[in-house]
Amino acid sequence: MEYAIEIDNLTKKFGKFVAVNNVSFKIKKGDVFGFLGPNGSGKTTVIRMIMGLITPTSGTGKVLGYDVTTESEKIRSHIGYMSQKFSLYDDLTVDENLDFYAGVYKVPKNKINEKKKEILEMADLVGRENMITSNLSGGWKQRLALGCSIIHEPEILLLDEPTGGVDPIARRQFWDIIYELSKKGVTILVTTHYMDEAEHCNSIGFLYYGNILSLDTPNIMKGKIIDGDIVEIKVNDTLKSIELLKAKNGVGDASVYGSGIHAMTEHNTDLEELKGYLTENNIQVTNIKMVRPSLEDVFVFLVEKENKK
Ligand SMILES: Nc1ncnc2c1ncn2[C@@H]1O[C@H](COP(=O)(O)OP(=O)(O)OP(=O)(O)O)[C@@H](O)[C@H]1O
Ligand SMILES: [Mg+2]
């Protein structure tokens with residue numbers, strides 16, 4: 012079996028509201044799959060269906076060959092889950108949280124100490140075993156939550172926005188652990204709002220209000236989806252320039268990007284002409300060049316296209 016997770020036309024309705032609409036994707040064993048999409052687009056709902064916590068309205072899902080609707084008990088023992096709110100017990104110590112999850116996941120007694128030692132090292136928590144969890148900083152808490160979710164050595168990890176609210180160094184440390192696990196063959200589904208994290212996934216699914224708008228490797232997405240050019244422009248007045256660009260023929264959209272602007276234009280844009288247009292309107296253009304689309308550009312493009320439908 013090549014795939015760890017196979018979802019086929021999964022739909023979830025809450026009353027008349029369609030939270031997840033005919034979503035299909037497959038995740039290869041050992042891959043890191045990035046699940047992206049704005050707030051409320053259905054990511055957590057998909058994860059909950061994969062775990063068998065809620066029943067799909069229609070469609071099918073298989074995890075390691077087990078059916079998500081009829082075999083969720085079997086599935087859960089193979090899955091590690093880190094929920095959006097990190098389900099740690101704040102008034103327990105680090106060590107007690109690990110013990111608790113070892114119990115929940117039925118880790119054999121004679122293996123618990125060895126597993127705990129391994130996790131404390133991985134999570135950089137050695138020396139903090141007896142700290143009360145509520146006193147840990149965000150990054151440590153997050154790594155402890157990850158540790159608790161893998162104490163039973165699951166083949167699949169579902170991480171729901173694991174890096175929200177932690178600093179860049181902690182995020183990097185967290186991703187180093189993700190890669191290590193993936194190298195060992197663990198299949199990982201991770202939701203994120205960070206584009207740099209998405210870049211590092213083997214494949215990405217972009218969910219938009221219940222619908223998958225795109226499903227591919229980051230490279231293919233960047234190369235194929237945008238029908239036109241991306242022009243990066245640096246100016247003295249970003250907001251005014253964006254207004255001007257949006258009003259111009261041949262420009263599909265323009266938005267703030269880093270310290271400049273990314274404009275989506277038709278193919279073969281004449282950069283001199285575009286610069287002239289801004290200059291005529293009293294804008295000082297300090298730099299203008301064609302760039303390769305970033306993932307962010309791709310998502311902006313997809314959302315614009317969807318909203319025009
Ligand atoms: N039990 C429920 N009953 C009714 N509506 C629900 C329920 N669970 C989720 N929803 C709705 O389904 C939609 C998708 O929610 P979901 O939590 O899956 O989104 P998300 O992509 O995880 O968002 P976020 O990025 O904010 O975590 C939302 O509009 C949400 O309000
Ligand atoms: Mg969510």
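Here the sequence shown is numbered in our numbering, starting from 12 and rising by one per residue.
Cβ atoms here follow ideal geometry from the backbone N, Cα and C, with glycine treated the same way.
If you're wondering where the values come from, they're calculated on a predicted model, not measured in any experiment.
| Asked | Found |
| --- | --- |
| G216 - partner residues in DSSP beta bridges | F46, L226 |
| Continuous alpha helix (DSSP H) assignments of at least 4 residues falling wholly in the segment 84-147 | 105-115, 120-133 |
| Distance CB(I167)-CB(I18) smaller than 8 Å | no |
| Where T290 sits in the DSSP three-state scheme | helix |
| contact_flag[the segment 49-61, the segment 240-253] where n(CB pairs < 8 Å) is 3 or more | no |
| Assigned exposure category for H204 - 16 Cβ within 10 Å defines buried | exposed |
| F171 beta carbon near ligand 2 (any heavy atom closer than 7 Å) | Strictly speaking, residue 171 in this sequence is Asp, with Phe absent from that position. Within the cutoff, so yes. |
| Stretch-stretch touch, CB-based, cutoff 8 Å, three pairs: the segment 62-71 with the segment 106-117 | no |
| Opening and closing residue of the alpha helix (DSSP H) in which I189 lies | 179-194 |
| As assigned by DSSP and simplified to three states, the class of K235 | helix |
| Distance cut-off 7 Å: K259 Cβ against heavy atoms of ligand 2 | no |
| Neighbourhood of ligand 1 [Cβ distance below 5 Å to any heavy atom], ordered by chain position | F25, A30, N50, G51, S52, G53, K54, T55, T56 |
| Contact under 8 Å by Cβ, N50 with N222 | no |
| Inter-residue Cα distance where the pair is L131 and N141 | 12 Å |
| Residue environment, L250, which counts as buried when at least 16 other CB atoms sit within 10 Å | exposed |
| Outcome for S153 when other beta-carbon atoms lying within 10 angstroms are tallied against a minimum of 16 | Note on identity: in this sequence residue 153 is Gln, with Ser being the wrong assignment. Buried: at least 16 other Cβ atoms inside 10 Å. |
| Cβ neighbours of K37 in the same chain (closer than 6 Å, five flanking residues each side left out) | Y14, E17 |
| A15: first and last residue of the uninterrupted beta strand (DSSP E) it sits in | 14-25 |
| Neighbour-count burial assignment, T267, 16 or more Cβ in a 10 Å radius | Position check: residue 267 holds Val in this sequence, whereas Thr was assumed. Classification for V267: exposed. |
| E172 classed as buried or exposed, judged by whether at least 16 other C-beta atoms fall within 10 angstroms | buried |
| Buried versus exposed call for T228 [16 or more other C-beta atoms within 10 Å across all chains shown] | exposed |
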